[in-house]
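A.B. asks:
Residue numbers (my numbering): 5 to 106.
Okay, structure coming up:
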């Protein structure tokens, strides 16, 4: 296995940034949306999880606020919701397929 040259990677990355700033290079970007209240409810129901189970799974006490649109998921909770939405089977595997019961 070839050893990485972190210094060279940093210099190369800085050169790419400089080229982008000068309009000489385009960068690929991905915008992740923050789940809406309707998204949170839909994701929870698709996982067949009760609000209490889903809140425990997400490690949050603000699930009701999310579902009522009073606040929106941030940070790791947002990422976990995106995984739950796009790869629900991954959560079922991690939690033994028992999301629907408390």
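For glycine and all other residues, C-beta sits at the position ideal for the given N, C-alpha and C. In this text, all values refer to a predicted model and were calculated from it rather than measured experimentally.
Who are the near neighbours of residue 76 in its chain, counting only those whose CB is closer than 6 Å to its CB and skipping five residues on each side?
C.D. replies: 38
A.B. asks: Is the region 41-51 touching the region 80-90 in the sense that three or more CB pairs, one from each, lie closer than 8 Å?
C.D. replies: Touching, yes.
A.B. asks: So, at 7 Å on beta carbons, what are the nonlocal neighbours of residue 50 in its own chain, with the 5 sequence-adjacent residues on each side left out?
C.D. replies: Answer for residue 50: 92, listed in chain order.
A.B. asks: In angstroms, rounded to a whole number, what distance separates the CA positions of residue 63 and residue 55?
C.D. replies: 12 Å
A.B. asks: Out of curiosity, what's the CA-to-CA distance linking residue 35 and residue 22?
C.D. replies: 22 Å
A.B. asks: Classify residue 93 as helix, strand or coil using the three-state DSSP reduction.
C.D. replies: helix
A.B. asks: Secondary structure at residue 79, three-state DSSP: helix, strand or coil?
C.D. replies: helix
A.B. asks: Going by other Cβ atoms of all chains shown within 10 Å of its Cβ, with 16 needed for buried, is residue 24 buried or exposed?
C.D. replies: exposed
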